[in-house]
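Data first, discussion second: the structure below is written as structure tokens.
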Amino acid sequence: MNQKTSIILTDTASGGASVATSHLMDGLESYYPSAAKWWHFSPPSPLTENLATLSLDPRHKRPPLERFIKNFHRPWADLLRQKRHRSTFHQKLSDSPPTLLNCHNIHSSGLSHDDLLKVPRHIPIVWTMHDCWAFDIRAFEWTNQVTGENEFLCDDLPHSHAKERRRKLFAERPDIILVAPSRWLASEARASLGDDIRIETIPYGVCSKTFKPTPASSARETLKLNLDPNKVWLGIAATHAYGRKGLDVLASALAEMNVEKFGILNWGQKPDLAWPARLEVQSIGPVSDKHKLASLYSACDIFVCPSRSDNLPNTVLESLACGVPVIGSDAGGIPDMVRPGQTGWLFRSDNPGSCREIIQAAISVKSSWESLGQSCRQVALQDYSIEKQAVSYSVLFEEISTS
Numbered sequence: 194m195n196q197k198t199s200i201i202l203t204d205t206a207s208g209g210a211s212v213a214t215s216h217l218m219d220g221l222e223s224y225y226p227s228a229a230k231w232w233h234f235s236p237p238s239p240l241t242e243n244l245a246t247l248s249l250d251p252r253h254k255r256p257p258l259e260r261f262i263k264n265f266h267r268p269w270a271d272l273l274r275q276k277r278h279r280s281t282f283h284q285k286l287s288d289s290p291p292t293l294l295n296c297h298n299i300h301s302s303g304l305s306h307d308d309l310l311k312v313p314r315h316i317p318i319v320w321t322m323h324d325c326w327a328f329d330i331r332a333f334e335w336t337n338q339v340t341g342e343n344e345f346l347c348d349d350l351p352h353s354h355a356k357e358r359r360r361k362l363f364a365e366r367p368d369i370i371l372v373a374p375s376r377w378l379a380s381e382a383r384a385s386l387g388d389d390i391r392i393e394t395i396p397y398g399v400c401s402k403t404f405k406p407t408p409a410s411s412a413r414e415t416l417k418l419n420l421d422p423n424k425v426w427l428g429i430a431a432t433h434a435y436g437r438k439g440l441d442v443l444a445s446a447l448a449e450m451n452v453e454k455f456g457i458l459n460w461g462q463k464p465d466l467a468w469p470a471r472l473e474v475q476s477i478g479p480v481s482d483k484h485k486l487a488s489l490y491s492a493c494d495i496f497v498c499p500s501r502s503d504n505l506p507n508t509v510l511e512s513l514a515c516g517v518p519v520i521g522s523d524a525g526g527i528p529d530m531v532r533p534g535q536t537g538w539l540f541r542s543d544n545p546g547s548c549r550e551i552i553q554a555a556i557s558v559k560s561s562w563e564s565l566g567q568s569c570r571q572v573a574l575q576d577y578s579i580e581k582q583a584v585s586y587s588v589l590f591e592e593i594s595t596s
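Heads up: the sequence shown begins at 194 in our numbering, then just goes up one per residue.
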């Protein structure tokens, strides 16, 4: 194979990690001199339009046998799909060996650390981490202070086997390079793996041409939103993982305030939680159009990211690029982006009282919101541009492929 080809591998073409991957692909097409192709295990989606992609499982439905078994025992059907995905991946890797393999999230595909261990040794591996799953048995883990329960996401069972798979991969492939989008994730990886594995920090990029400042009145008119201009409108992007994303923390904080001063503009999933009775909530539903999404950020006065556990949420980057200040928890990589006095306000994660205090502090300095918004935009352009992300990856890829 004469032409250098870098394969960007993900489990799906949807979700936050895939949004970040699509931004990386956009940038690499301009800045990386070698060809880059995105392999994933899902049907084509809006994220993959106009990008060099290959679906390793393009069907919208499982094969007949898997669908039949799924009716009786879904775990067995999932095992069959995982086996099919592993076989397809290794066959494609053999047929079209790349110069370099850049893994992203793979846990939903059925691939595991054992599959990466089977990648030929002459193919360098760069693993971009969107959570802790590369080095830990769970993607995220946190304690819910409301329930007192230890909660987690993507539990790799059985734990003894999961730990052994990770130990074996990094022992036998110490040349693997891990990339963390946030300083928090890099720190977690170093604490787990020590200094034997190279870990780089390369933040996500955000498209500043799509996500750009628009006057709130214009954005509201474009979206045909009837928002009371006398209220402070807080924007939230709800997902099915609203417990990890901490939306109940925000609801609890607002319950102890005069909520008639506020309104919630919610897009994405409709969270299964009780908002205060007199709080006006406008739910838009799932939004896939990026320009509409940018208008939603601009329609808000402040965006809120109250996560209990997180990496480097795209929503915060998009809000900054739109020039909208952010109230965020101090979980994970959120403090990388939410900088008090510069881009917004931070509160203690999973603490409704702290969240309430910070909301009150934010509305007490309403006169500074415009200058904060300008600073948000500047930080997005300087620290989180797609160009900066792509150049950092291209330098890393070129170093590895020529060494």
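Where a beta carbon is used, it is the ideal one built from N, C-alpha and C, also for glycine.
Count the other C-beta atoms from every protein chain shown that fall within 10 angstroms of the C-beta of P374, then say buried if there are 16 or more, exposed otherwise. buried
Residue environment, G478, which counts as buried when at least 16 other CB atoms sit within 10 Å: exposed
Near I556, what residues of its chain come up, given a Cβ to Cβ distance below 7 Å and the 5 sequence neighbours on each side ignored? V425
Within a Cβ cutoff of 6 Å, which residues of the same chain sit near N337, ignoring the five residues on either side of it in sequence? E344
In chain order, what residues of the same chain have a beta carbon less than 6 Å from the beta carbon of S445, not counting five sequence neighbours either side? P545
Looking at the strands, I want to know which residues DSSP matches up with K463. Paired residues: none, contrary to the question.
Taking Cβ to Cβ, would you say R532 is nearer than 8 Å to P406? no
Give every residue of the same chain whose Cβ lies closer than 6 Å to the Cβ of L565, excluding the five residues on either side of it in the sequence, and list them in chain order. P518
I200 versus I318, S502 and G220, residue with shortest Cα-Cα distance: I318
Grab me the residues of S223's own chain with a C-beta within less than 7 Å of its C-beta, minus the 5 sequence neighbours each way, in chain order. A583
Could you say if the segment 232-239 and the segment 254-272 meet the contact criterion of at least three C-beta pairs nearer than 8 Å? no
Measure the alpha-carbon distance for R358 versus A364 and round it to whole angstroms. 10 Å
8 Å CB neighbourhood of D348 in its chain, flanking five on each side removed: I330 and R331
Once the 5 residues before and after P469 are set aside, which same chain residues still bring their CB inside 6 Å of it? L447, A448 and V452
Less than 8 Å between the C-beta atoms of S502 and R437, yes or no? yes
Provide the residue span of the alpha helix (DSSP H) that contains N507, from first to last. N507 to A514
Does DSSP put C347 in a helix, a strand or coil? coil
Simplified DSSP assignment, three categories, for L539: strand
Extent of the continuous alpha helix (DSSP H) to which W191 belongs: Within the shown structure, residues of the chain are numbered from 194 to 596, placing residue 191 beyond reach of any answer.
Using a Cβ distance threshold of 8 Å, determine whether the segment 522-538 contacts the segment 571-579, with at least three qualifying pairs required. yes
Complete beta strand (DSSP E) runs within the segment 271-357 (minimum length 3 residues, chain order): 293-296, 318-321, 333-336 and 343-346
Three-state secondary structure (DSSP) at W231? strand
Within 8 Å, do at least three Cβ pairs link the segment 478-494 to the segment 371-385? no
Identify, in the order they occur along the chain, each residue of the same chain with its Cβ nearer than 7 Å to the Cβ of S207, setting aside the five sequence neighbours on each side. S235, S238 and L240
Taking buried to mean at least 16 other C-beta atoms within 10 Å of its own C-beta, is E342 buried or exposed? exposed
With distances taken between CB atoms, is the gap from L378 to G526 smaller than 8 Å? yes
Nearest-angstrom Cα distance between A210 and E473? 31 Å
Within the continuous alpha helix (DSSP H) that includes C400, where are the two ends? Taken as a continuous stretch (DSSP letters only), C400 belongs to no alpha helix (DSSP H), as it is neither H nor E.
Would you kindly report the start and end of the unbroken beta strand (DSSP E) that includes E222? Where E222 is concerned, there is no enclosing beta strand (DSSP E), although the alpha helix (DSSP H) it sits in stretches over G209 to Y224.
Among D465, L420 and G439, whose alpha-carbon lies nearest the alpha-carbon of I457? L420
Reducing DSSP to helix, strand and coil, say where V584 ends up. helix
Name, in chain order, the residues that DSSP records as bridge partners for A430. W460
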